[in-house]
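Numbering (our numbering), first residue to last: 583 to 832. Cβ coordinates follow ideal geometry from the N, Cα and C atoms, glycine included.
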Ligand SMILES: Cc1cc2nc3c(=O)[nH]c(=O)nc-3n(C[C@H](O)[C@H](O)[C@H](O)COP(=O)(O)OP(=O)(O)OC[C@H]3O[C@@H](n4cnc5c(N)ncnc54)[C@H](O)[C@@H]3O)c2cc1C
């Protein structure tokens, strides 16, 4: 049997499965001999009073074992021979669009005007050191998009939330801590975010997609346009309105 409880415990109890089991036995009357496992589903901190509490939603397994993985990873297929779709920008929107296209059986070609997430870091250092801003690689432009060097809190003000759970799972599949699946205020961390972004790019490449850095989309051309023929970075989009992208002028 599987049962869910909402409980309020001290940080010490929240951090220790054995203590959680004892708490559930004491407070919820769960029999010790039948309790096989406890999984934390949601976690938030209540620090309004002097004594800090952790609010937890837990799933309690009685006489049965929990499913092994904290989430089911998405099986991204090979899309080498599938129709190509141009994705402009490798910010969160572009990266998630590219991964979703792969899931749906399309081959994403991502064009990003800035540099990859690691090279970009050097240009950010230059801003601080000599106040020199590279117009193509800075806090806004480059792999990972505008928030790549923020503190990595996952935040949205949108009321139309969609499948937030899946977004978090995709982050976990690419190296984020599975704690983000539980926390009320999920936080990847500035130190970990670049690696997660790089892993997302590797999935795109491994499946047969393409990612072009320092390549700015400058025009969207129609089928009749002469520039389309034999252009190295030209590919048909879903709506058959091909786009062309060129490296920015130096
Ligand atoms: C300083 C700062 C801190 C933030 N901190 C957080 C935070 O902690 N938590 C949070 O949830 N949100 C944060 N945000 C908001 C978050 O960054 C944005 O919501 C998110 O980046 C939007 O994603 P996007 O993919 O739509 O756009 P963007 O991230 O802007 O990505 C667009 C990408 O497209 C590229 N691009 C643009 N034009 C072209 C072109 N013509 N050709 C090719 N490429 C192009 C850009 O270089 C960029 O990489 C922060 C934003 C900023 C600016």
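Give the straight-line distance between the Cα atoms of residue i and residue j, rounded to the nearest whole angstrom.
| i | j | result |
| --- | --- | --- |
| residue 590 | residue 761 | 18 Å |
| residue 793 | residue 781 | 13 Å |
| residue 694 | residue 623 | 36 Å |
| residue 763 | residue 755 | 11 Å |
| residue 647 | residue 660 | 34 Å |
| residue 523 | residue 698 | Outside the modelled stretch of the chain, which goes from 583 to 832, sits residue 523, for which no answer is possible. |
| residue 632 | residue 767 | 21 Å |
| residue 609 | residue 742 | 37 Å |
| residue 680 | residue 604 | 46 Å |
| residue 777 | residue 770 | 11 Å |
| residue 798 | residue 585 | 52 Å |
| residue 607 | residue 614 | 6 Å |
| residue 690 | residue 791 | 5 Å |
| residue 645 | residue 668 | 51 Å |
| residue 652 | residue 803 | 45 Å |
| residue 738 | residue 747 | 13 Å |
| residue 830 | residue 602 | Low local confidence applies: a pLDDT of 49 at residue 830 is under 50, so the model's placement there is unreliable, with the coordinate-based value given in what follows. Between residue 830 and residue 602, the C-alpha separation is close to 57 Å. |
| residue 637 | residue 801 | 51 Å |
| residue 796 | residue 587 | 51 Å |
| residue 600 | residue 720 | 47 Å |
| residue 734 | residue 723 | 16 Å |
| residue 630 | residue 619 | 30 Å |
| residue 702 | residue 678 | 20 Å |
| residue 598 | residue 640 | 13 Å |
| residue 596 | residue 664 | 48 Å |
| residue 628 | residue 736 | 19 Å |
| residue 752 | residue 758 | 9 Å |
| residue 649 | residue 617 | 15 Å |
| residue 657 | residue 784 | 14 Å |
| residue 654 | residue 634 | 33 Å |
| residue 806 | residue 749 | 38 Å |
On the three-state DSSP scale, how would you describe residue i?
| i | result |
| --- | --- |
| residue 566 | Residue 566 falls outside the range modelled here, since the chain spans only 583 to 832, and no answer is possible. |
| residue 781 | helix |
| residue 624 | strand |
| residue 678 | helix |
| residue 704 | helix |
| residue 722 | coil |
| residue 802 | strand |
| residue 646 | coil |
| residue 684 | helix |
| residue 712 | helix |
| residue 717 | coil |
| residue 690 | strand |
| residue 695 | coil |
| residue 823 | Note that residue 823 scores a pLDDT of 39, beneath 50, so its modelled location is shaky; the value from the coordinates is reported in the next line. DSSP places residue 823 in coil when its eight states are reduced to three. |
Any Cβ of chain C within less than 8 Å of the Cβ of residue i?
| i | result |
| --- | --- |
| residue 739 | Structure shown: chain C not included; a single protein chain is present. |
Practice task
Indicate whether the contact test is met: 3 or more Cβ pairs, each with one atom in the stretch 661 to 676 and one in the stretch 725 to 737, closer than 8 Å.
Solution key: yes
Problem - Contact the stretch 681 to 688 vs the stretch 706 to 714: 3+ CB pairs below 8 Å - result: no
Exercise for the section: Output the residue ranges of the alpha helix (DSSP H) runs that lie fully inside the stretch 732 to 785 and measure 4 residues or longer, sorted by chain position. Expected result: 746 to 755
Exercise for the section: Determine contact between the stretch 621 to 638 and the stretch 710 to 722, defined as no fewer than three beta-carbon pairs at a distance below 8 Å. Expected result: no
Practice task
Could I get the ranges of all uninterrupted beta strand (DSSP E) runs contained in the stretch 595 to 642, with 3 residues as the minimum, in chain order?
Solution key: 617 to 628
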